[in-house]
Each structure stands twice: as C-alpha cells, then as structure tokens.
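In order, the protein sequence lines correspond to chains A and B. Going by the working numbering, the letters in the first sequence line up with residues 145 to 456, in that order. Going by the working numbering, the letters in the second sequence line up with residues 809 to 1070, in that order.
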Amino acid sequence: MKAAVIWTGDPDEGALRRLLAAAGETGAGQVEAWLFSKAAVEIANLPVTEIVNIPGEGPWLAERLVPPLSILFSERQPDILLFHNGTFSNATAVRLAHAVGAKCALSVEKFIPKETGLSLHRRILGMNLLGEFVCQILPLVVSVSTGSYDPIGGEAKPKITTTNLSYGGSEWCSNYRESENTARETLADRDLILVGGRGIGGEKGMNELRELGELMNGGVGSTRPVALDGCSPLENIIGVSGLSVSPKLCLTFGTSGSTPFIKGIEKSDCIIAVNNDPEAMVFNYSHFGIVGDCASILSHLKSLIRSSKTDV
Amino acid sequence: MRILSCFKITHDLEHLPLESFRNICRNGLDLSGKTRIFGNYDETALEIGLVLGDALRRSGNSADLTAITVGQCEQRFSRRLFAAGYGRVVCAQCPAGAEASPKFIASAIRDYVVATGGFDAILAGSQAGPFEHGQVPFILAASLCLPSLTGVIDIAICDSGFSITGKNDSGIYSCDVAGPSVYVVGDARHAYLRMPTLREQLAAAKSEIEFFTVNPPPNGDDIAFQKAWLEEPEGTCTFIEADTMEEKVQLLWDRHLKELMP
C-alpha cells in the first residue's frame, strides 16, 4: 500500500514526523511527502521514499490546492492521503476526496489495518466518545489528529522532486490578509496557564483571573462558552476548537470538564481544578482539586501573592 | 440577496455525567430522551444569516432568508426560526439514520439549491453530531462548484459582496468575496440565535415548515460506523482539604504555585 502525507505552508519537521507515524500505522509500505510551501524545501533526512515540492504563493485556500493535488493523485496513485487536522487542511482533504472520488474521514486518532478493511478511530458525539469506523474501499483521504502521535524516528535519503504544477485561481477572493495568532505564542510558552469556565462569574470573574495572571506571569485562556459570551477573546479559547496547551501547571476555575475542553489541557504536567460542585467532571481529569467558590479563591490568592511580594 | 443557512438538530450532551455516556455506549448510541437543540455551530450559522439579513436591509438591499435541515425538525425549532426572521424553513425528510451520511446530506441540500435557483451565500456550521464528520459544507461547495471559506467568525457587506473574517490554524484572516460562496462557520462573534419577542413569536405562529422527501442511495455509508466507547478518566484527583477557604488557598500556594512565581 502506498501513502502520501501532505503538508501546506511552512514545513514543520516534528509535525511531519507525527503524520508519518500515522502513515506507518495504516500499514503503508511506501510513503511520499507532498509539500505545498512558498519555496521548495529539503528535509534531507525525512524517512520517506520521495519528497515532492509544489512551491507556490498564498492565499492558502482549499480550492487552490485541489487542482495540483488531483494531478499528483492521478500521476502517483496513492492508496491513502494524510493531512494534518486543521481548519484549512480539513477543507482541502474533503474537496480533494470529492474531486478524485476517494473516501474521506477527518480528525482520525488511530488506524488499525484489519481483514475487513482499515479501522479508523475518531471522536464522536461532541468529542465525548471514541468511535470506530471501517473503510473497506480505498483510496482514502484523511486528516490526522497529529497530537495523538509521537514523531517517528529514523532517517532516510529521499529522492527530492520539485514540480511546476500551478495552484488554482482565487479571482472570487480579494484583499486576503492574515494576522498571526498572538494568543498561541502567548499561551504556548507559559509555565502556568489559568483558564476560566462558565462558573467563574462572567466578565467580572475573567477580569479577576486576568489580574491573577498578571501577578503570576501566567497565560489566561477560557473555555468556548465564556469566549462566545464575549468575556474573553475568541483567540484564547482552549480546547478542541481552539488551542491545545501543555504548561507545567494548568489552573482551571469554574470549568465543568467537558471532553472538548479537556482535550485542550490534557498534556499539562499538572492540572488543578477549582469548582464549587464536588461532582464536576473536571475533577475526574485533574491531579488536584479545590471545592469552593471561584471568586473567593481568586480573591484570597491575589491577596496572598500581593502580601508575599510585599514581604520580599 | 438570497441567503441559505443549513442547520441540524442534535442532542445536548454538554452537561451529561460520565454515566450517561457509558449508557449511550452500552445501548448502541441510543440518544432517545436527550434534549434536542440546534447544533452549536449551526446555531451560530443561523444567527449570522440573520445578522447578514439585517445588514442587507440597512443598506437598502433585499434579504431573502431560508433555513434548511435534513432529517427531522420539530415545529418548536421551525417556529423559533420563523420568529427570529427566517422567511422560509425547509426540511428534507429521510429515513432515520440516513442523515448521518455527509454525502447524502450535502446532495439533499444541493438538490434544493439547484431546484430553487441558487443562493448568494450559503452558511453552515463547521461540525455537527452525532458522528462529527465535519464534511457537509465542503462536499456541498464542491458539488455546486462554489468556493468555500472555513472558520468564518464574522460576515459584513462590502462593495464587492461580502467581507469575511475567519480563524484558521495560523491566526485570523480577512478577505472580500464576490459571487456565491459557502461559508463554514466556526467560533463566531454572533454565537447564539437571537431570542424573538412575544410579538414576533405570535406573528410566526402560523408559518409552516416546507417538507420534501429525499431517499438515501442504496449502497449506504462509505465508511461504516462500528462501535463507540468512552475513554475512562484516570480519576486520581486529590482534593486540597482544610477547614477554611483561606487555608485551602494557602495550601494551594505553598504546594503548587509558589515555585512557579517569577
């Protein structure tokens, strides 16, 4: 079986190696990497048989990549094509599958080759459960939740090819601009991240949390409902629909512990939850917990830090 | 301008305890008895459709708003949509379970779009239960030969058509779109469907949902669902106990936070 891993934008070797780990799990004996970026790149040691560069300029829109992808697909005939899970790559995966008549599945976390077909594990029911699906007919286009994989090791000397395939047009779209998500950098580098959920008490509670974040040099994020209520920026949502963080300590205030949120903090070294409901699901996923009122705990904590700073 | 908002009625799973999920798994994904709600992102798409309608009317344009679903749609949902401002609510009825196939849903909506002469903007949520395929808007766009923009968080009117703001993997993007397009709505600024006034509800009380029947293809799902299971949490939480809240906070500080201070 032949697989192709597809990367769009600036290549990230670590993430590519995670995709390659997923490709290996499908049982593919031969794997190529197709790289769509501004300039041709050489990741000299990547353990693939061939790196195919398709250089081009943005904007990165799904329909612009489908024409060159379709040509590569018909030329090279892979059985399975793997994208990393993301808003843009998911759109591209589905449109490619439609264009070439392949099957499609998004956000796959595990592959198990079986006699009946290729078993795919994905999250279902609001990400709360894992589901098994079986694909009996190839080719298959998937996006992979790369966070579920460790980067594959090993080195090889792949053949490196650069194509002159053209990206599709984007006449329908003008004035395209992108701004970096500063929240990603701000939160990704922190040892401490504080997260507010609905139980924190709306805007007032989030303001208190931001004050605490400043005192402790911690990053501040929120669950999706808090952001949608306008109490925190959309860019700072933590969870499946936002950022995944992995600080030394994640301190949550008034979060219920729904699975989509927990997926965003589960890689933290230590999770401490504050909630006034001792039965809250968040405690099932936390290392430590405090049952109590968020406002009171925030207030005590700020006083304690201020007095400790004064003492010094 | 004609705007189509696609929605799905799903189940409210946000506050269910773990035991409910264990039961759902044991009973073969039986969701009967669970409260039915608009899909989260679909509700946002519906509200953005209304916001867009408001903006069009303010700028002197006409706004023809239609909401469409595939599967079942109780009257309380359609009445809410009529009262909120949708002029037409359409339900493509199909055999139970068929609405789980993204290709089938997309083809049903495509047929409606083609039969009714097309729309200037088609809005859909980025994810909807139970199987969270997340594919319908993209298949719909591809089958209608329309472009699609994903992660959309805001839409406004501009000279060339629509001015779009969206969130993608690297940050926030914005662009202007001319011509019909499919907009896949993510975590947007207008997240919840507006609450109609009593007057609006009374005015919409006699509006009728339009039904049409669609039949799924005989060969069924391409990728067949087999089973579901719950990842059991480790459940090793140690509660910080003390007589007073001040003492609890002091313990939290001493044991976990002090060492992280700059």
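Note that CB positions come from ideal geometry on N, CA and C, so glycine has one too. Bear in mind the structure is a predicted one, so any value in this text is a computation, not a measurement.
Contacts that residue i makes with chain A (C-beta to C-beta distance below 9 Å)
i: PHE846(B); result: Those within 9 Å of PHE846(B) in chain A number zero; the least Cβ separation is about 13 Å.
i: PHE1047(B); result: PRO422, PHE427, PHE432, GLY433, ILE434, VAL435
i: ILE947(B); result: VAL238, ARG239, ALA241, HIS242, CYS248
i: LEU889(B); result: Within chain A, no residue comes near LEU889(B); the closest Cβ sits about 20 Å away, beyond 9 Å.
Any C-beta of chain B under 7 Å from that of residue i
i: ALA424(A); result: no
i: SER402(A); result: yes
i: ILE268(A); result: yes
i: VAL238(A); result: yes
i: TYR429(A); result: yes
i: LEU273(A); result: yes
i: ILE434(A); result: yes
i: LEU378(A); result: yes
i: HIS242(A); result: yes
i: PHE277(A); result: yes
i: LEU442(A); result: no
i: GLY349(A); result: no
i: PHE232(A); result: yes
i: ASP223(A); result: no
i: SER323(A); result: yes
i: LEU163(A); result: no
i: ALA235(A); result: yes
i: SER385(A); result: yes
i: GLU356(A); result: In the sequence under discussion, the amino acid at residue 356(A) is Leu, which differs from the Glu named in the question. Cβ-Cβ to chain B under 7 Å: no for LEU356(A).
Residue environment, residue i, which counts as buried when at least 16 other CB atoms sit within 10 Å
i: ILE817(B); result: buried
i: LEU264(A); result: buried
i: ALA166(A); result: buried
i: GLN799(B); result: There is no way to answer for residue 799(B), as the model of chain B reaches only from 809 to 1070.
i: THR399(A); result: buried
i: GLY959(B); result: buried
i: LYS258(A); result: exposed
i: MET350(A); result: buried
i: SER412(A); result: buried
i: ILE281(A); result: exposed
i: SER376(A); result: buried
i: ARG887(B); result: buried
i: GLU1049(B); result: exposed
Beta-carbon contacts of residue i that lie in its chain and below 6 Å, excluding the five residues immediately before and after
i: GLY363(A); result: THR330, LEU331, ARG334, ILE337
i: LEU240(A); result: VAL210, LEU213, VAL285
i: LEU448(A); result: none
i: LYS1056(B); result: ILE1048, ALA1050
CB contact check: residue i to chain A, cutoff 7 Å
i: LYS816(B); result: no
i: GLY995(B); result: Before going on, a small fix: residue 995(B) reads as Asp here, not Gly. Yes - at least one Cβ of chain A is within 7 Å of the one on ASP995(B).
i: GLN943(B); result: yes
i: ASN831(B); result: no
i: ASP1051(B); result: no
i: ASN976(B); result: yes
i: PHE1033(B); result: yes
i: GLU882(B); result: no
i: GLU940(B); result: yes
i: LEU812(B); result: no
i: GLY937(B); result: yes
Nonlocal neighbours in the same chain, by C-beta distance under 7 Å from residue i, ignoring five residues either side
i: ILE856(B); result: LEU931, ILE963, VAL993, ALA996, HIS998
Within chain B, partners of residue i - CB distance below 9 Å
i: CYS317(A); result: PRO955, LEU957, ILE972, CYS983, ASP984, VAL985, ALA986, SER989
i: TYR311(A); result: Within 9 Å Cβ-Cβ: nothing; TYR311(A) doesn't reach chain B, min ~14 Å.
i: LEU445(A); result: VAL1057, LEU1060, TRP1061, LEU1065
i: TYR320(A); result: TYR981, SER982, CYS983, ASP984
Where residue i meets chain A, residues with beta-carbon distance less than 7 Å
i: THR1021(B); result: Going along chain A, no residue has its Cβ under 7 Å from THR1021(B), so there is no contact; the nearest lies around 25 Å.
i: ALA999(B); result: LEU372
i: LEU1038(B); result: LEU273
Per-residue contacts from residue i into chain A (C-beta, under 8 Å)
i: LEU826(B); result: MET425, ASN428
i: GLU822(B); result: GLY270, SER400, SER402
i: PRO1025(B); result: What PRO1025(B) touches in chain A: nothing, since even the nearest Cβ is about 14 Å away.
Neighbourhood of residue i by C-beta distance below 8 Å, restricted to the same chain and skipping five residues each side
i: THR290(A); result: ALA159, ARG162, LEU163, ALA166, HIS228, ASN229
i: LYS392(A); result: ASP335, LEU336, SER412, ASP413, CYS414
i: THR305(A); result: GLU194, ILE195, VAL196, ASN197
i: GLN174(A); result: MET145, LYS146, ALA147, THR193
i: LEU1059(B); result: ILE1048, ALA1050
Neighbour list for residue i in chain B, Cβ cutoff strictly below 8 Å
i: ILE381(A); result: ASP995
i: LYS247(A); result: ASP1030, ILE1031
i: LYS392(A); result: LEU1068
i: LEU448(A); result: VAL1057, GLN1058, TRP1061
is_contact[residue i, chain C] using C-beta, thresh 7 Å
i: GLU1054(B); result: Among the protein chains in the structure shown, which are A and B, there is no chain C.
Within the region 149-216 of chain A, ranges of the alpha helix (DSSP H) (whole runs, at least 4 residues)
157-169
I'd like the ranges of any beta strand (DSSP E) spanning at least 3 consecutive residues and lying wholly in the region 298-352 of chain A.
303-306, 317-324, 336-340
As an exercise, report each continuous alpha helix (DSSP H) stretch of at least 4 residues that is fully enclosed by the region 1025-1060 of chain B, in chain order.
1053-1060
Just list the beta strand (DSSP E) runs in the region 925-1001 of chain B, keeping only unbroken ones of 3 residues or longer that don't cross its boundaries, in chain order.
929-933, 956-966, 969-975, 979-985, 989-993
Run through the region 818-892 of chain B for me and flag every whole alpha helix (DSSP H) of 4 or more residues, listed as ranges in chain order.
826-834, 848-866, 883-892
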